[in-house]
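J.: With my numbering applied, the sequence shown covers 3 to 460. Take a look at this one; I'll ask things after.
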Amino acid sequence: MTGSQGPAFSRRALIGTGLGVGAAVLTVGGSGVAQAAAPASPERRAYAFLAAAMDAYPQAGTIRLAQSYTDQAGLFSTAFTYDNALAVLAALASRTADGLSRAMALGDALLYAQSHDPVYDDGRLRQAYNVGPYTFYDGSPQPDGFVRADGAANVGTQFGFTGTAVGDMAWAGIALAALAKRTGRDRFLQGAVRIGGWIDRVGRTDQPLGGYTFGVNGADERLPFSSTEHNTDLVCLFGRLARLTGDRVWWERRARAVAFVEAMWEPSGGFFYTGTNDGVTVNRSPVPEDTQTWTHLALSSRTYSRSLDWARTELAVLDSADRRNSTVPAGQSYEGVTFSSASLLANEDAPIADGQPRPDRNGVWFEGTAHLALALRDRHAPGDEARARRLLTSVERAQDLLGGGQTLGGTPVAAGSGVVSASSPLDTGFGFGYYPYRHTGATAWYLLAAARANPLRA
Numbered sequence: 003m004t005g006s007q008g009p010a011f012s013r014r015a016l017i018g019t020g021l022g023v024g025a026a027v028l029t030v031g032g033s034g035v036a037q038a039a040a041p042a043s044p045e046r047r048a049y050a051f052l053a054a055a056m057d058a059y060p061q062a063g064t065i066r067l068a069q070s071y072t073d074q075a076g077l078f079s080t081a082f083t084y085d086n087a088l089a090v091l092a093a094l095a096s097r098t099a100d101g102l103s104r105a106m107a108l109g110d111a112l113l114y115a116q117s118h119d120p121v122y123d124d125g126r127l128r129q130a131y132n133v134g135p136y137t138f139y140d141g142s143p144q145p146d147g148f149v150r151a152d153g154a155a156n157v158g159t160q161f162g163f164t165g166t167a168v169g170d171m172a173w174a175g176i177a178l179a180a181l182a183k184r185t186g187r188d189r190f191l192q193g194a195v196r197i198g199g200w201i202d203r204v205g206r207t208d209q210p211l212g213g214y215t216f217g218v219n220g221a222d223e224r225l226p227f228s229s230t231e232h233n234t235d236l237v238c239l240f241g242r243l244a245r246l247t248g249d250r251v252w253w254e255r256r257a258r259a260v261a262f263v264e265a266m267w268e269p270s271g272g273f274f275y276t277g278t279n280d281g282v283t284v285n286r287s288p289v290p291e292d293t294q295t296w297t298h299l300a301l302s303s304r305t306y307s308r309s310l311d312w313a314r315t316e317l318a319v320l321d322s323a324d325r326r327n328s329t330v331p332a333g334q335s336y337e338g339v340t341f342s343s344a345s346l347l348a349n350e351d352a353p354i355a356d357g358q359p360r361p362d363r364n365g366v367w368f369e370g371t372a373h374l375a376l377a378l379r380d381r382h383a384p385g386d387e388a389r390a391r392r393l394l395t396s397v398e399r400a401q402d403l404l405g406g407g408q409t410l411g412g413t414p415v416a417a418g419s420g421v422v423s424a425s426s427p428l429d430t431g432f433g434f435g436y437y438p439y440r441h442t443g444a445t446a447w448y449l450l451a452a453a454r455a456n457p458l459r460a
């Protein structure tokens, strides 16, 4: 769309003041001689990126969400709800006053979107919002920030990000519930309860496989397919709501989500399938990475922990400059996992989508690599910590070396801050791709893994 690699659409597209850490600072040592301070840690630089994404449009007001991708992705000021929920959880994991302040600000912005939707007043959030002004590809000006001139939340209509997915809602609810637990503020708990209520009203299904369906598209039409990933998210959300409210109805809802997830288990292969298209038949291909890692983080079950071994072996990739279609600079290589079994079989002769580049079958998905590292650390079987540390080293090297020269709201991103979503263009197998643009979601997952903070534990 821009002549570059184009938008890095999230799987959710299926429905419709930063720290100055870019360079070492000069300090005065005991001798009175100026000395170079030690470079900021990878975690500190990652937090600086999240702060920059949150503060990219100071002229747009104080109620704000974080931009999801750098400008070069072609999505302008789009802020995905999922990415912002992760930013809340990563900020809380910092255990700092600034982190808590930022987490609360983002949480309040999610509550604002929930109570100031331009159409609905039923507790829903949309897939994404605009958080700063821009001019769209057709030349139409988009003058508003996150809060429109009429006071409504600025829904991302230009790209069609107007639907509501159960998974996005669940992550927002998880973030708000985490804020409620940390702060004791009732507004966060009530927002999470409203989200849980919307999901149960709209997503609950009596189809044979049960669980909860995908959500609604931009026309508010219910979507009949059900996702293992989404139901895994609900295992956490409903469990948290049960503990925070004391209402046993949430345990019943959690049990329904658990039953669906367990029905997706393939014992002979030791992995989880992606879900169902019709509520009757299990969709056996492609097999994604996140249904292997998130299930462990949410269920913490020895019965299913083999899924981590499936992910780390069957989806393992090594990207280097000599790979066909790789965009990794000469002399560099990155290891990790890709998005799904279909990513390994992508047609390298055809673009991922119209206007997009051709995929690299060995492109590393850094978001997934980070949550695999976290899940391995959480399982803590023999060898898991060493495997996790190796994966995180690859993510940290990507933060250091990939995604240079990118901007947020037109402002250059500090060198070495923020993790790109992928080492090279990769085809997910689900109708969209990931590209080497610095990404709020990937950066937040890295920080959660570095802090050993499991966001899916109820």
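Even glycine gets a Cβ: it sits at the ideal position worked out from N, Cα and C.
Which residues in the same chain as L246 place their Cβ atom closer than 8 Å to its Cβ, once the five residues preceding and following it in sequence are excluded?
T.: Working through the sequence shown from its first residue, we reach residue 246 at position 244. Excluding residues within five positions, the ones whose Cβ falls inside 8 Å are A179, A182, K183, L191, A194.
J.: Below 8 Å on the Cβ atoms is my contact criterion, and I expect V133 with Y59 to pass it. Report the Cβ-Cβ distance as a whole number of Å.
T.: For this step, residue 133 is matched to residue 131 along the sequence shown. For this step, residue 59 is matched to residue 57 along the sequence shown. With 8 Å as the limit, V133 and Y59 qualify as a contact, their Cβ atoms being about 6 Å apart.
J.: Counting along the chain, where does the beta strand (DSSP E) carrying L320 start and finish?
T.: Translated into positions along the sequence shown, residue 320 becomes position 318. Taken as a continuous stretch (DSSP letters only), the beta strand (DSSP E) holding L320 covers 318-322.
J.: So is E223 buried or exposed if we call it buried at 16+ other beta carbons inside 10 Å?
T.: Your numbering for residue 223 matches position 221 in the sequence shown. The residue is exposed, with fewer than 16 neighbouring Cβ atoms inside 10 Å.
J.: For E350, report the span of its beta strand (DSSP E) as first-last.
T.: As a first step, residue 350 must be located in the sequence shown, where it is residue number 348. Note, E350: premise wrong, no beta strand (DSSP E); not H, not E.
J.: Here's a check: name, in chain order, each residue in its chain whose Cβ is nearer than 6 Å to the Cβ of W447, leaving out the five neighbours to either side.
T.: Looking up residue 447 in the sequence shown gives position 445. Taken in chain order, the residues that qualify are E369, A372, H373.
J.: Can you list, in chain order, the residues of its chain whose CB lies under 7 Å from that of P457, leaving out five sequence neighbours each side?
T.: Here residue 457 refers to the residue found at position 455 of the sequence shown. Once the five neighbours on either side are set aside, the close Cβ partners of P457 are L91, I176, L450.
J.: For G193, decide whether its Cβ has a neighbour in chain B, counting only Cβ atoms nearer than 9 Å.
T.: Of the chains in the structure shown, none is chain B; there is only one protein chain.
J.: What are the boundary residues of the beta strand (DSSP E) that includes V251?
T.: The residue given as residue 251 occupies position 249 in the sequence shown. Here V251 belongs to no beta strand (DSSP E); instead the alpha helix (DSSP H) covers 251-265.
J.: On the criterion of 16 or more Cβ atoms from any shown chain inside 10 Å, does T80 qualify as buried, or is it exposed?
T.: Against the sequence shown, residue 80 aligns to sequence position 78. Buried, by the Cβ-count rule.
J.: I'd like the list of long-range same chain contacts for Y71, defined as Cβ closer than 6 Å, with 5 residues on each side in sequence excluded.
T.: Position 69 of the sequence shown, counted from the first residue, corresponds to residue 71. The residues are A10, L77, Y439, H441.
J.: If you reduce the DSSP assignment to three classes, tell me which class Y436 lands in.
T.: As a working note, residue 436 is residue 434 in the sequence shown. DSSP places Y436 in strand when its eight states are reduced to three.
J.: Which of the three DSSP states is assigned to F82 in this structure?
T.: Position 80 of the sequence shown holds residue 82. Strand at F82.
J.: Helix, strand or coil, according to DSSP, for F11 in the structure here?
T.: If you number the sequence shown from 1, residue 11 lands on position 9. Caution applies to F11, whose pLDDT of 41 falls short of 50 and renders its modelled position unreliable; the model cannot decide the point.
J.: Express the C-alpha separation of D292 and V319 in angstroms, rounding to a whole number.
T.: For this step, residue 319 is matched to residue 317 along the sequence shown. For this step, residue 292 is matched to residue 290 along the sequence shown. In a straight line, the C-alpha of V319 is about 15 Å away from that of D292.
J.: Does DSSP classify N233 as helix, strand or coil?
T.: Here residue 233 is taken as the residue at index 231 of the sequence shown, counted from 1. Residue state, collapsed to three classes: helix.
J.: Helix, strand or coil for Y275, going by three-state DSSP, please let me know.
T.: Translated into the one-based positions of the sequence shown, residue 275 becomes position 273. The answer is coil: DSSP assigns Y275 none of H, G, I, E or B.
J.: Count the other CB atoms within 10 Å of the CB of R454; is the residue buried (16 or more) or exposed (fewer)?
T.: Translated into the one-based positions of the sequence shown, residue 454 becomes position 452. Exposed: under 16 other Cβ atoms inside 10 Å.
J.: Alpha helix (DSSP H) containing Y49: first to last residue?
T.: Position 47 of the sequence shown holds residue 49. Where Y49 is concerned, the enclosing alpha helix (DSSP H) stretches over 44-56.
J.: List, from N- to C-terminal side, the alpha helix (DSSP H) runs of 4 residues or more that fit wholly inside the segment 182-232.
T.: Fully enclosed alpha helix (DSSP H) runs of 4 or longer: 188-205.
J.: Excluding the 5 residues preceding and the 5 following D321 in the sequence, name in chain order all residues of the same chain whose CB lies nearer than 7 Å to its CB.
T.: Start at 1 with the first residue of the sequence shown, and residue 321 comes out as number 319. Excluding positions up to five away in sequence, the list reads S328, V330, S335, Y336, D362, N364, G365, V366, S425, S426.
J.: Helix, strand or coil, according to DSSP, for E148 in the structure here?
T.: As a working mapping, residue 148 is identified with position 146 in the sequence shown. Going by the sequence as given, residue 148 is Phe instead of Glu. If DSSP states are grouped into helix, strand and coil, F148 belongs with coil.
J.: For the alpha helix (DSSP H) that contains E369, what are its first and last residues?
T.: Here residue 369 corresponds to residue number 367 of the sequence shown, with the count starting at 1. Its alpha helix (DSSP H) spans residues 368-381.
J.: Name, in chain order, the residues that DSSP records as bridge partners for E268.
T.: Along the sequence shown, one-based indexing puts residue 268 at 266. Bridge partners of E268: F273.
J.: Out of T295, T430, T340, T185, which has the shortest C-alpha to C-alpha gap to A107?
T.: In the sequence shown, counting from the first residue as 1, residue 107 sits at position 105. Looking at the Cα atoms, T185 is the closest of the given residues.
J.: Check whether the Cβ of Q209 lies closer than 8 Å to any heavy atom of the ligand MG, and answer yes or no.
T.: Summarising the ligand content, the structure contains no ligands, and the ligand MG is consequently not present.
J.: Classify A136 as helix, strand or coil using the three-state DSSP reduction.
T.: Here residue 136 corresponds to residue number 134 of the sequence shown, with the count starting at 1. Residue 136 is actually Tyr in this sequence, not Ala. It is a strand residue.
J.: Quick check on the DSSP output: the alpha helix (DSSP H) that includes E387 runs from which residue to which?
T.: As a first step, residue 387 is located in the sequence shown; it is residue number 385 there, counting from the start. Segment 386-403, the alpha helix (DSSP H) holding E387.
J.: Between the Cα of R187 and those of H382, L102, E264, spot the shortest distance and give me the residue it belongs to.
T.: Looking up residue 187 in the sequence shown gives position 185. Measuring from the Cα of R187, the nearest candidate turns out to be L102.
J.: Can you give me the C-alpha to C-alpha distance between A377 and G141, rounded to a whole angstrom?
T.: In the sequence shown, residue 377 corresponds to position 375, counting from 1. In the sequence shown, residue 141 corresponds to position 139, counting from 1. In a straight line, the C-alpha of A377 is about 45 Å away from that of G141.
J.: Short check: CB of A344 to CB of P269, under 9 Å?
T.: Residue numbering aside, residue 344 sits at position 342 when the sequence shown is read from its first letter. Residue numbering aside, residue 269 sits at position 267 when the sequence shown is read from its first letter. No, the Cβ-Cβ distance between A344 and P269 is not below 9 Å.
J.: Would you please state the rounded distance, in angstroms, between the beta carbons of G272 and W312? I believe it to be under 8 Å.
T.: Within the sequence shown, the letter at position 270 stands for residue 272. Within the sequence shown, the letter at position 310 stands for residue 312. Their Cβ separation, rounded to whole angstroms, is 5 Å, which keeps G272 and W312 in contact under 8 Å.
J.: Could you give the DSSP three-state label for P414: helix, strand or coil?
T.: Residue mapping note: residue 414 aligns to position 412 of the sequence shown, counting from 1. DSSP places P414 in strand when its eight states are reduced to three.
J.: I think T278 touches L211, with their Cβ atoms under 8 Å apart; what is that distance to the nearest whole Å?
T.: Here residue 278 is taken as the residue at index 276 of the sequence shown, counted from 1. Here residue 211 is taken as the residue at index 209 of the sequence shown, counted from 1. Contact flag correct, Cβ pair sits at about 5 Å.
J.: What separation, rounded to the nearest whole angstrom, lies between the Cα atoms of L301 and V237?
T.: Here the question's residue 301 lines up with position 299 in the sequence shown. Here the question's residue 237 lines up with position 235 in the sequence shown. Distance between the alpha carbons of L301 and V237: 8 Å.
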